[in-house]
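Chains as they are written, first to last, in the numbering used here: chain E, 3 to 336; chain L, 3 to 336; chain U, 3 to 336; chain G, 3 to 336.
Yeah, the Cβ is synthetic: ideal placement off N, Cα and C, and Gly gets one too.
The structure under discussion appears below in the form of structure tokens.
Protein chains: 4
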Amino acid sequence: MIVVLKHGVAENKKQQLISWLEKQNLRVNVSEGDYQTVLGLIGNTSHVDTDLVASLAIVDSVKRITEPFKCVNRKFHPEDTVVEARGAKVGSGNFALIAGPCSVESEEQIVEVAKAVKAAGATMLRGGAFKPRTSPYDFQGLKAEGLELLRVAREETGLPIVTEVMGVRDLPQFEDVDVIQIGARNMQNFDLLKEVGRMRRPVLLKRGLANTIKELLMSAEYIMSEGCTEVILCERGIRTFDDYTRNTLDLAVIPLLHELSHLPVIVDPSHATGLARLVPPMALAAAASGADGLIIEVHNDPMSALCDGAQSLRPEEFASLAEKIRAVRKAVAE
Amino acid sequence: MIVVLKHGVAENKKQQLISWLEKQNLRVNVSEGDYQTVLGLIGNTSHVDTDLVASLAIVDSVKRITEPFKCVNRKFHPEDTVVEARGAKVGSGNFALIAGPCSVESEEQIVEVAKAVKAAGATMLRGGAFKPRTSPYDFQGLKAEGLELLRVAREETGLPIVTEVMGVRDLPQFEDVDVIQIGARNMQNFDLLKEVGRMRRPVLLKRGLANTIKELLMSAEYIMSEGCTEVILCERGIRTFDDYTRNTLDLAVIPLLHELSHLPVIVDPSHATGLARLVPPMALAAAASGADGLIIEVHNDPMSALCDGAQSLRPEEFASLAEKIRAVRKAVAE
Amino acid sequence: MIVVLKHGVAENKKQQLISWLEKQNLRVNVSEGDYQTVLGLIGNTSHVDTDLVASLAIVDSVKRITEPFKCVNRKFHPEDTVVEARGAKVGSGNFALIAGPCSVESEEQIVEVAKAVKAAGATMLRGGAFKPRTSPYDFQGLKAEGLELLRVAREETGLPIVTEVMGVRDLPQFEDVDVIQIGARNMQNFDLLKEVGRMRRPVLLKRGLANTIKELLMSAEYIMSEGCTEVILCERGIRTFDDYTRNTLDLAVIPLLHELSHLPVIVDPSHATGLARLVPPMALAAAASGADGLIIEVHNDPMSALCDGAQSLRPEEFASLAEKIRAVRKAVAE
Amino acid sequence: MIVVLKHGVAENKKQQLISWLEKQNLRVNVSEGDYQTVLGLIGNTSHVDTDLVASLAIVDSVKRITEPFKCVNRKFHPEDTVVEARGAKVGSGNFALIAGPCSVESEEQIVEVAKAVKAAGATMLRGGAFKPRTSPYDFQGLKAEGLELLRVAREETGLPIVTEVMGVRDLPQFEDVDVIQIGARNMQNFDLLKEVGRMRRPVLLKRGLANTIKELLMSAEYIMSEGCTEVILCERGIRTFDDYTRNTLDLAVIPLLHELSHLPVIVDPSHATGLARLVPPMALAAAASGADGLIIEVHNDPMSALCDGAQSLRPEEFASLAEKIRAVRKAVAE
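The following block contains the structure:
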């Protein structure tokens with residue numbers, strides 16, 4: 003950790019700070035420049051509160067040199083992690099094509115969609131049973147019944163299931179869920195992260211709407227520090243001033259996360275854009291930029307005749323997109 | 003609800019949409035303009051999925067005319083709500099001055115700070131027992147012991163206590179907490195919101211870093227729809243491109259929230275700026291713009307000699323600020 | 003234009019507004035709903051100040067139904083525009099690969115880079131002669147001499163040249179520049195937009211750091227309303243809270259701009275990310291999502307041995323990227 | 003300047019970088035930590051391209067220790083600058099109350115408003131003659147005629163005039179304008195900044211919608227580096243995800259700019275919020291947080307009877323606000 007002091011700091015103030023740091027079992031390397039003094043802290047700085055130090059009147063800035071994340075860090079785990087759920091692999095060249103409806107509505111619906119997406123090449127089935135809704139008056143999902151219907155669809159197709167958990171008290175119902183999803187709004191629900199980590203099952207962690215890459219990795223660290231070794235990171239758009247799409251898809255995080263971490267990184271173009279007609283171009287863009295997978299909404303309801311612009315793709319649109327995704331991945335790999 | 007169709011929409015597509023809407027028990031008022039067709043939906047539109055309708059290929063835009071929030075809505079509750087905790091009132095002219103340390107550290111610390119802020123005019127005591135931290139390796143608070151120390155400080159000073167809950171499983175420990183705080187990262191932890199609402203105690207709800215005013219009100223609605231009637235809204239800065247302060251304090255929400263809702267609105271200048279020297283000007287600005295209260299970090303630890311720039315104010319700085327806040331409130335009220 | 007009035011508006015206030023609107027030669031269609039009144043304005047609403055109307059106490063919201071842009075609007079010009087400069091075409095299936103150094107530094111440099119990028123498949127040469135710099139003390143470009151060197155490189159390679167203009171007084175020097183670039187910081191320098199439009203030469207217009215798609219189109223409209231017919235739109239990243247890359251590349255604008263406008267849309271991954279190692283994945287993503295071209299920084303300076311992470315690619319990196327771009331475009335087109 | 007190298011950098015790569023830096027006449031102080039190497043650059047680093055260095059593969063991060071702004075820097079000019087225009091002072095305890103209509107419309111209008119705001123305590127008159135408009139089809143201002151009418155109003159009231167310039171070619175018409183305004187969209191129109199600086203007249207520089215504090219100061223530096231000594235900085239809201247107000251007013255910049263610079267700082271609550279009813283609370287907040295002045299829109303047009311919510315205040319509303327501003331300033335100063 004490097005602490006840069008302000009210009010012209012009084013000697014006694016500087017000594018006070020150095021003593022305080024040394025009391026925390028750190029060695030302090032003082033480097034006096036022509037204009038500024040820099041303190042290099044050597045030792046275990048993981049318990050130093052950088053915000054506190056940065057806010058001291060005599061301090062100009064503080065910089066951590068070693069990242070605060072360990073389990074997720076590629077430095078300590080150079081090979082790509084491959085997450086595996088019922089034979090479906092994600093990461094290190096294994097591409098996950100996760101598809102399914104926004105909400106599980108009925109057995110007929112989920113089984114039909116599951117069969118359709120499997121035929122098109124999907125490797126996992128998604129579907130919401132517990133739904134996070136902005137309004138308490140909106141449909142909150144079929145809950146336990148939804149989980150049961152997902153199991154039926156899994157039986158019928160062999161596809162592993164991915165579904166979101168919203169609270170610690172519901173976790174016992176997720177014991178046989180293949181990949182447990184943590185939604186964007188819960189990315190910093192630290193209580194839930196820890197409890198999910200203790201289950202030691204594959205987890206799909208979505209980036210929050212206003213969270214940095216470092217915060218996403220720290221949330222993955224919460225999960226892994228409890229013993230879980232299989233976390234899939236998911237970019238799903240961030241909140242910006244932009245008002246034409248629901249969120250702004252931030253694809254540069256894919257190569258950046260691959261540099262910093264060994265975990266697989268997938269993209270959710272359906273929630274990022276909120277518009278079905280933007281899903282194919284953004285899905286192809288994600289594939290071209292090195293994503294390890296995609297999670298895409300596909301439905302088969304009667305509105306589909308009318309709503310070719312809705313967030314969800316129809317099965318035939320998904321099939322055609324899946325083919326293009328394979329072509330793009332091949333083009334990029336060559 | 004108003005649905006504006008795109009220019010030149012085919013008649014059969016339009017009829018399909020109208021039938022679909024009518025099947026949902028809505029009356030559809032069609033108004034044909036020179037360039038565009040507008041559908042006015044009459045009836046209970048609270049279950050219509052606006053995102054779905056907006057995404058239809060033939061739809062240009064959708065606008066809800068009645069707000070989706072009811073319990074928090076000033077339209078249905080014109081008088082200001084006054085939240086009361088052990089005699090301390092917030093709202094409708096009652097100003098809350100909530101102060102205390104970031105974390106509860108020891109009995110000596112919390113009691114000393116409590117006495118100091120009370121002497122300076124504070125009406126409630128804040129202090130963190132359960133701490134949300136970005137890193138799993140950072141100090142997570144004294145938890146149950148911290149709550150116990152807050153109770154001691156309450157006994158000593160008579161100040162009601164405000165402290166944050168992080169998960170539903172901890173709630174039983176909060177039964178005698180005077181004001182239960184929901185932190186910014188949990189603003190859309192809907193599971194926690196509902197459970198806190200069921201306790202029917204005063205709640206302090208912080209705005210999330212990237213949440214709109216409407217989303218803040220909908221989260222308050224989650225709490226109130228479970229029976230709670232006393233929610234205090236709290237602006238604590240939003241995340242923007244700006245990099246000089248930790249967050250950007252958005253004071254215009256104060257008059258806006260007062261228009262939309264009857265709930266009291268307070269401001270947290272300590273977390274918004276992250277710098278003690280910016281807390282007084284921002285606290286005064288909040289008071290001048292009509293806030294119903296402030297929540298401010300005050301500490302008395304040994305570092306304070308050194309760290310006049312830290313996020314927390316020293317007791318004497320808080321006392322001097324409290325006096326200016328009273329003067330500004332008087333100036334504005336005249 | 004649709005004006006939605008607030009609930010319970012007094013009849014005389016409503017009549018005052020209607021009279022005021024009618025005085026502006028508009029026909030007002032009043033539609034009374036169960037809860038709200040909607041005014042439909044018929045006639046030429048292009049001179050109605052929507053901000054003013056929206057701010058009236060009795061008005062809930064205002065919505066323009068016809069877009070305020072005409073020349074750039076696909077509705078009035080359904081076929082794709084193809085911009086052509088010295089035989090190099092952009093738009094409607096013609097892909098522009100624009101490459102070259104950030105700044106023109108010397109004849110040797112610009113000619114060498116021009117030859118290298120041409121060999122790799124570039125269709126145009128970029129290079130800065132007038133440089134917008136945040137600091138007045140930073141290098142401001144070779145100016146007239148830089149333009150002269152670009153002409154030399156054009157002579158040597160036949161590549162049309164693309165270079166930025168910073169002020170109206172410099173425009174006479176740009177008469178034989180093939181594509182005149184307007185930088186992001188000048189996107190709303192309306193004086194410059196109009197003057198460049200009068201030159202009736204191809205223009206490359208970059209999106210501003212915090213500008214919406216509509217504002218970008220309105221700035222293109224400024225240029226086209228002066229007689230210019232060839233504008234290339236360019237996405238180069240927006241400013242967000244994100245701090246790992248210089249800006250956040252917003253690729254969803256590509257399909258969106260293609261819906262709204264007939265103009266070609268290209269992407270600048272070099273400025274968007276600020277990091278050479280992110281340029282290839284983002285360039286491929288842009289190609290996969292339907293961009294009509296890319297503008298990429300390529301240099302050949304001695305630092306290149308050292309700085310494989312700089313914003314600029316080395317010629318051999320560009321050549322390898324160009325090949326992958328062609329493969330991705332083929333995969334997407336199939 | 004401090005350059006932090008990545009962990010485990012090869013010795014020859016490090017030596018290459020050091021030689022390259024030394025060739026730029028810098029002394030390089032190498033400090034080897036346990037985990038990382040830090041290079042301290044001593045000498046004139048103002049010409050070092052930090053972005054380039056930061057992007058090198060072996061570099062972790064770069065930090066400038068001395069700010070790149072000089073003329074505007076409080077370090078080199080500790081006393082507050084007082085800008086004076088026809089006797090009206092701004093800065094160092096002198097509060098500027100600048101008021102007037104958005105656009106100059108007629109002699110009657112501007113003279114009437116000027117008299118009204120003077121009576122209420124305004125110290126300067128604002129009014130737009132050249133108007134920056136997003137659309138080329140919107141009213142662009144009365145231009146030369148508007149300037150002439152401002153001069154008439156000045157003659158009638160003695161109030162100095164503040165008005166916006168949009169391009170270098172119009173500058174000769176601004177020779178007797180008391181304070182020349184640079185709008186938010188032109189904050190980085192470097193050509194205009196330099197030319198305005200050469201006029202050596204007072205300048206009011208508005209912060210751009212997505213510009214950092216440092217960029218604002220660098221733009222002021224452009225003006226001052228040409229000889230101008232009187233620049234007033236103006237916060238007018240930034241662009242965020244927030245959608246209830248036009249922009250988000252960022253009041254923490256007031257104390258921050260006062261720390262970094264000796265220039266006066268004023269606030270424009272009218273453009274920041276876009277809603278007249280939010281102007282008084284935000285104006286009072288700005289005064290409470292230490293602003294050196296306010297620039298507020300006031301109109302007297304016939305719509306005012308109807309539009310009590312418009313962005314502009316009516317003269318009587320302004321008079322009442324002016325009184326409260328004086329009371330708040332007194333309360334804060336005590």
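Inset, instruction - Could you list the residues in the stretch 45–68 of chain L with a C-beta less than 9 Å from some C-beta on chain E, going in chain order? - result: Taking 9 Å as the Cβ-Cβ cut-off against chain E, the residues of the stretch 45–68 of chain L that qualify are 48, 49, 51, 53, 54, 55, 56, 57, 58, 59, 60 and 61.
Inset, instruction - Spatial neighbours of residue 308(L) within its chain, please: CB distance less than 7 Å, with the 5 preceding and 5 following residues excluded, ordered by chain position. - result: One-based indexing of the second sequence puts residue 308(L) at position 306. Confidence is the limiting factor: at residue 308(L) the pLDDT is only 48, short of 50, which leaves the residue's position unreliable, though a coordinate-based value still follows. Within its own chain, no residue has a Cβ closer than 7 Å to the Cβ of residue 308(L) once the five positions on either side in sequence are excluded.
Inset, instruction - Look at residue 274(E) and residue 239(E) and say whether their C-beta atoms are less than 7 Å apart. - result: Taking the first sequence and counting its residues from 1, one reaches residue 274(E) at position 272. Taking the first sequence and counting its residues from 1, one reaches residue 239(E) at position 237. In this structure, residue 239(E) lies closer than 7 Å to residue 274(E) by Cβ.
Inset, instruction - Could you name the residues that DSSP lists as bridge partners for residue 42(U)? - result: Start at 1 with the first residue of the third sequence, and residue 42(U) comes out as number 40. When DSSP reads this structure, residue 42(U) sits in a beta bridge with 4(U) and 31(U).
Legend entry - Exposed unless 16 or more other CB atoms sit within 10 angstroms - verdict on residue 208(E): Indexing the first sequence from 1 puts residue 208(E) at position 206. When all chains shown are included, residue 208(E) counts as buried.
Legend entry - Helix, strand or coil at residue 117(L) according to DSSP, with G and I counted as helix: Here residue 117(L) refers to the residue found at position 115 when the second sequence is read from its first residue. If DSSP states are grouped into helix, strand and coil, residue 117(L) belongs with the helices.
Legend entry - the stretch 286–294 of chain G touching the stretch 250–259 of chain G, judged by at least three CB pairs closer than 8 Å: By the Cβ criterion, the stretch 286–294 of chain G is in contact with the stretch 250–259 of chain G, since at least three pairs of Cβ atoms, one from each stretch, lie closer than 8 Å.
Legend entry - Where the stretch 186–216 of chain L meets chain E: residues whose CB sits under 7 Å from a CB there: Of all residues in the stretch 186–216 of chain L, only 187, 188, 190, 191, 192, 193, 211 and 212 come within less than 7 Å of chain E when Cβ atoms are compared, listed by chain position.
Legend entry - chain L residues whose Cβ lies nearer than 7 Å to that of residue 329(G): Sequence index remark: in the fourth sequence, residue 329(G) carries index 327 (1-based). Contact annotation for residue 329(G) against chain L: 333 and 336 [CB-CB distance below 7 Å, chain order].
Inset, instruction - May I ask which residues mark the beginning and end of the beta strand (DSSP E) holding residue 281(L)? - result: The residue you call residue 281(L) lines up with position 279 of the second sequence. Not the beta strand (DSSP E): residue 281(L) falls in the alpha helix (DSSP H), residues 281–290.
Legend entry - Distance between residue 283(U) and residue 2(U) (C-alpha atoms, nearest Å): Residue 2(U) is absent from the model: chain U starts at 3 and stops at 336.
Legend entry - Amino acids of chain L, ordered along the chain, whose beta-carbon sits closer than 8 Å to that of residue 326(G): In the fourth sequence, the residue the question calls residue 326(G) occupies position 324. Within chain L, the residues near residue 326(G) are 333, 334 and 336.
Inset, instruction - Hey, could you find the ends of the alpha helix (DSSP H) residue 295(E) is sitting in? - result: Residue mapping note: residue 295(E) aligns to position 293 of the first sequence, counting from 1. Careful: residue 295(E) lies outside any alpha helix (DSSP H), inside the beta strand (DSSP E) at 295–299.
Legend entry - Reduced DSSP category for residue 329(G) - H, G, I as helix; E, B as strand; rest coil: By one-based count along the fourth sequence, residue 329(G) stands at place 327. Three-state DSSP puts residue 329(G) in a helix.
Inset, instruction - With 7 Å as the threshold, decide whether the Cβ of residue 313(U) is near any Cβ in chain G. - result: Translated into positions along the third sequence, residue 313(U) becomes position 311. Cβ-Cβ to chain G under 7 Å: yes for residue 313(U).
Legend entry - Distance between residue 266(U) and residue 216(U) (C-alpha atoms, nearest Å): Within the third sequence, residue 216(U) is the residue found at index 214, counting from 1. Within the third sequence, residue 266(U) is the residue found at index 264, counting from 1. If you draw a straight line from the Cα of residue 216(U) to the Cα of residue 266(U), it comes to about 15 Å.
Inset, instruction - Over the uninterrupted alpha helix (DSSP H) stretch that includes residue 200(E), give me the two end residues. - result: Here the question's residue 200(E) lines up with position 198 in the first sequence. It spans 192–201 - the alpha helix (DSSP H) in which residue 200(E) sits, taken as one unbroken run.
Inset, instruction - Classify residue 263(U) as helix, strand or coil using the three-state DSSP reduction. - result: If you number the third sequence from 1, residue 263(U) lands on position 261. If DSSP states are grouped into helix, strand and coil, residue 263(U) belongs with the strands.
Legend entry - Residue-chain proximity (residue 97(E), chain U), Cβ-Cβ < 7 Å: Taking the first sequence and counting its residues from 1, one reaches residue 97(E) at position 95. False, the Cβ-Cβ gap to chain U never drops below 7 Å.
Inset, instruction - Would you list the residues sitting across from residue 250(G) in a DSSP beta bridge? - result: Within the fourth sequence, numbered from 1, the residue matching residue 250(G) stands at position 248. As a beta-bridge residue in DSSP terms, residue 250(G) pairs with 240(G).
Legend entry - residue 64(G) to residue 41(U) span [Cα, whole Å]: Counting from one through the fourth sequence, the residue named residue 64(G) turns up at place 62. Counting from one through the third sequence, the residue named residue 41(U) turns up at place 39. Taken atom to atom, the span from the alpha-carbon of residue 64(G) to that of residue 41(U) is near 57 Å.
Inset, instruction - Please determine, among 195(U), 232(U) and 187(U), the residue with the shortest C-alpha to C-alpha distance to residue 180(U). - result: Here residue 180(U) is taken as the residue at index 178 of the third sequence, counted from 1. Closest by alpha carbon: 232(U).
Inset, instruction - Just the chain E side, please: which residues come within less than 9 Å of residue 283(U) by C-beta, in chain order? - result: Within the third sequence, the letter at position 281 stands for residue 283(U). Neighbours of residue 283(U) in chain E, taken as residues whose beta carbon is under 9 Å from its own, are 253, 254, 256, 257, 290, 291, 292 and 334 in chain order.
Inset, instruction - Determine the direct distance from the alpha carbon of residue 300(G) to that of residue 86(U), and round the result to whole angstroms. - result: The residue given as residue 86(U) occupies position 84 in the third sequence. The residue given as residue 300(G) occupies position 298 in the fourth sequence. If I take the Cα positions, the gap works out to 49 Å.
Legend entry - Residue-level contact to chain E via CB, residue 235(U), 7 Å cutoff: Here residue 235(U) is taken as the residue at index 233 of the third sequence, counted from 1. So no, residue 235(U) is outside the interface.
Legend entry - Boundaries (first-last residue) of the beta strand (DSSP E) holding residue 165(E): As a position in the first sequence, residue 165(E) is number 163, starting the count at 1. Its beta strand (DSSP E) spans residues 163–166.
Inset, instruction - Use the C-beta contact count for residue 121(U): other C-beta atoms within 10 angstroms, 16 or more gives buried, fewer gives exposed. - result: Reading the third sequence from its first residue, position 119 is the one you call residue 121(U). Taking all protein chains shown into account, residue 121(U) has fewer than 16 neighbouring C-beta atoms within 10 Å of its C-beta and is therefore exposed.
Legend entry - residue 49(L) classed as buried or exposed, judged by whether at least 16 other C-beta atoms fall within 10 angstroms: On the second sequence, residue 49(L) is found 47 positions in, with the first residue counted as 1. With fewer than 16 neighbouring CB atoms inside 10 Å of its own CB, residue 49(L) falls in the exposed class.
Inset, instruction - Count the other C-beta atoms from every protein chain shown that fall within 10 angstroms of the C-beta of residue 174(E), then say buried if there are 16 or more, exposed otherwise. - result: For the purposes of this step, residue 174(E) is identified with residue 172 of the first sequence, where counting begins at 1. Residue 174(E) is exposed by the Cβ-count criterion.
Inset, instruction - Kindly indicate the opening and closing residues of the alpha helix (DSSP H) around residue 16(G). - result: For the purposes of this step, residue 16(G) is identified with residue 14 of the fourth sequence, where counting begins at 1. Note, residue 16(G): alpha helix (DSSP H), 13–24.
Inset, instruction - Measure the C-alpha to C-alpha separation of residue 47(G) and residue 332(G) and round it to an integer number of angstroms. - result: Working through the fourth sequence from its first residue, we reach residue 47(G) at position 45. Working through the fourth sequence from its first residue, we reach residue 332(G) at position 330. Straight-line spacing of the CA atoms in residue 47(G) and residue 332(G) works out to 45 Å.
Inset, instruction - Indicate whether residue 225(E) and residue 269(E) have their beta-carbon atoms separated by less than 7 Å. - result: The residue you call residue 225(E) lines up with position 223 of the first sequence. The residue you call residue 269(E) lines up with position 267 of the first sequence. Not in contact: residue 225(E) and residue 269(E) (Cβ atoms no closer than 7 Å).
Inset, instruction - Return no unless some Cβ of chain U is closer than 7 Å to the Cβ of residue 138(G). - result: Along the fourth sequence, one-based indexing puts residue 138(G) at 136. True, the Cβ-Cβ gap to chain U drops below 7 Å.
Inset, instruction - At 7 Å on the CB atoms, spell out the chain L contacts of residue 171(E), in chain order. - result: To locate residue 171(E), count along the first sequence from 1; it is residue 169. The contacting residues are 170.
Inset, instruction - Spell out whether any CB of chain U is found under 7 Å from the CB atom of residue 126(G). - result: Position 124 of the fourth sequence, counted from the start, is the residue given in the question as residue 126(G). Interface annotation, residue 126(G): not in contact with chain U, CB-CB separation never under 7 Å.
Legend entry - Beta-bridge partners of residue 91(U), as assigned by DSSP: As a first step, residue 91(U) must be located in the third sequence, where it is residue number 89. According to DSSP, which records beta bridges pairwise, residue 91(U) is partnered with 86(U).
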